[in-house]
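To start, the structure under review is shown below, and the notes come after it.
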Amino acid sequence: MKVSQILNNNVAVVKRGENEVIVYARGLAFRKKVGQVITEDEIEKTYVLDSTDLLEHFSYLLSHSDELHITIVNEIIAYGEEKLGEKANDYLSLTLLDHIGFALKRAAKGQFIRSPLTWEVKKFYPEHFAIGLYALDLINQQFQVEFPEDEAVSIALHFVNLQEGKNNLEETIHSMESLRDIISIIQYHFQLTIDEHSMNYMRLMTHLQYFIQRILTKNIYDESDAILNEQIKALYPDAYECVQKIRVYIREKYACELTTDEETYLMLHIHRITNRA
């Protein structure tokens, strides 16, 4: 591979086949010049971006980033990959480097952002939250800052987005907000606090996660078992009333109607968790 451009002391753009990639190696600029060959053994990390715009953006970001920022991002991603058992794409390096750089600038001014999703991420994505806490500990130690737990949530969401294979973070956030809202509707309707450590709670959460995903993908489950639905309504009228509130919520948020079978399964899950509670 030939060096096309030196971005800073440790980062360069190189030609690999027909494409250009970004490589990281400590002291690279002192050892290489444009046009010289660099081998795989000399490279510590390679970043492959899938568009020219991303390559240019990442090139600019890396050339203006502190070496310690890059090292910390690499360490966080390595930890996250091990924790989740999944290889991260190089776009994650770009978004995390950008995020951490901006967060540190905010911290220098004493500006710390509160996350509205702290509860959701802790409950629904504990492994991803653990990655965020790991990252937060690294950053706080290295830069002598004291980020609040909310910053761990923001970092965790980058890994949630990675693992769920979504094109943007907005869908992930909407899903978590909907889970929170539906649980709130159930607790408010029955005037109780659900035991979040119970097996029935876990079953309900799993059902709701797939339920919301089906709504988002327009893959609604409906075999129209009207007889079973009528039986469940008669047996569990409180659960039925609660589901009607969820129906209104889904209609207003997603412009979507609950099917007969979705209603039936929700009644069953809600009765189980509230009856046991």
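Taking the numbering used here, the leading residue of the sequence shown gets 365, the next gets one more, and so forth.
Beta carbons are placed, not taken as given, at the ideal position from N, Cα and C, and that holds for glycine.
Asked	Found
Where residue 638 falls, given that 16 or more other Cβ within 10 Å makes a residue buried	buried
Spatial neighbours of residue 411 in its chain, beta-carbon cut-off 7 Å, leaving aside the 5 residues before and after	385, 386, 422, 454 and 457
Residue 520 burial status per 10 Å Cβ neighbour count (16 or more: buried)	buried
Segment contact, 8 Å Cβ cut-off, at least three pairs: the segment 470 to 482 with the segment 431 to 439	no
Own chain partners of residue 408 with C-beta closer than 6 Å, once the 5 adjacent residues on each side are dropped	388 and 389
Among 482, 468, 499 and 549, the one whose alpha carbon lies nearest that of residue 509	468
Residue burial classification, residue 604 (beta-carbon count within 10 angstroms, cutoff 16)	buried
Inter-residue CB distance, residue 550 and residue 606 (contact presumed, cutoff 8 Å)	6 Å
Residue nearest to residue 525 in terms of C-alpha spacing, selected from 419, 596, 482 and 537	537
Residue 564 - partner residues in DSSP beta bridges	Residue 564 pairs with nothing; no bridge assigned.
Ranges of the alpha helix (DSSP H) found wholly within the segment 431 to 491, counting only runs of at least 4	431 to 448, 454 to 472 and 482 to 488
Secondary structure of residue 384, DSSP reduced to three states	strand
Buried or exposed (CB count within 10 angstroms, at least 16 for buried), residue 633	buried
Residues sharing a beta bridge with residue 411, DSSP	386
For residue 460 and residue 491, believed in contact at Cβ under 8 Å, the rounded distance	17 Å between Cβ atoms; not a contact.
Beta-ladder partner(s) of residue 379, from DSSP	366 and 384
Residue 565 Cβ short of 6 Å to the ligand SAH heavy atom set	As presented, the structure is devoid of all ligands, the ligand SAH included, so that no description of it is given.
Meets three-Cβ-pair contact criterion under 8 Å: the segment 394 to 404 and the segment 365 to 376	yes
For residue 600, the nearest candidate out of 630, 518 and 377 (CA to CA)	630
Distance between residue 573 and residue 616 (C-alpha atoms, nearest Å)	18 Å
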